[in-house]
């Protein structure tokens, strides 16, 4: 084989390795939930879904495959398009637990399509589209984060709470350390915005996070009303 042939072979081997890793290999999932009061209490505002105002509860943002170095695969299979018929039996749970808050008001299918095509397609080695959404709903119910926080006296009442107290309450409740993300409202108050919980590669069990998401919250943060 000539030099040109070896170069082509090496390129094809590299491509094969890259595609295999990007589509199949990942180390864990982030289950990401967001507080609707913090989402809406920003300058970008929000719109309720066509089914009405969601419950005052954490809503799912997504289930995201990640690597231990902090990077993540995305859009792994352009041919695996979102098919709403695959989640017909999950729709009531999706509308309740995975509501869209983007404008203009809509049913949520665009949000779910984005999450499947960007993140879900990178987990197809372990679950298909239906299982991706079903398992995510189960994980949200299993965590029951709002109940964990309110049981510790941390309520969505516009009050300010210690970051360490929030983290400890969640760790005591599920057994593992969460990652917290904050945003700022128009008055520049730091608010509890998103919670990251780490999940094993089967998409079913919580684990200790190999790496926590970037971003820091202050020692006191607001838990906004919704």
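In mature numbering (1 follows the signal peptide of the UniProt record, and there is no 0), the protein residues as written are -22 to -1, 1 to 204.
Even for Gly, the Cβ is constructed at its ideal location relative to N, Cα and C.
- Residue 201 holds the alpha-carbon nearest to the alpha-carbon of residue 131 among 117, 201, 102, 36.
- Three or more Cβ pairs closer than 8 Å define a contact, and the segment 70 to 87 meets that threshold against the segment 20 to 34.
- Note that the C-beta distance between residue 76 and residue 38 is below 8 Å.
- Residue range 107 to 121 is occupied by the alpha helix (DSSP H) that includes residue 107, with no beta strand (DSSP E) assigned at that position.
- Taken atom to atom, the span from the alpha-carbon of residue 32 to that of residue 74 is near 7 Å.
- According to the DSSP assignment, residue 162 belongs to the beta strand (DSSP E) that extends over 157 to 162.
- Contact between residue 51 and residue 89 fails: their C-beta atoms lie close to 20 Å from each other, not under 8 Å.
- Sixteen is the threshold: when 16 or more other Cβ atoms of the shown chains lie within 10 Å of the Cβ of residue 6, as they do, the residue is buried.
- Taking the Cα positions, residue 191 is about 10 Å away from residue 44.
- Beta-bridge partners of residue 5 (DSSP): none assigned.
- In its chain, beyond the 5 residues on either side, 60, 107, 110 have a beta carbon closer than 7 Å to the beta carbon of residue 94.
- When rounded, the separation of the alpha-carbon atoms in residue 18 and residue 96 is 24 Å.
- In this structure residue 122 is not in contact with residue 182, their Cβ atoms being roughly 16 Å apart against a cut-off of 8 Å.
- Boundaries around residue 17 are those of the alpha helix (DSSP H), 14 to 18, since no beta strand (DSSP E) includes it.
- Assigned with DSSP and collapsed to three states, residue 184 falls in strand.
- Straight-line spacing of the CA atoms in residue 176 and residue 156 works out to 8 Å.
- Residue pairing by DSSP places residue 170 opposite 160 in a beta bridge.
- For residue 146, same chain residues with a beta-carbon under 7 Å away, outside a window of 5 residues either side, do not exist.
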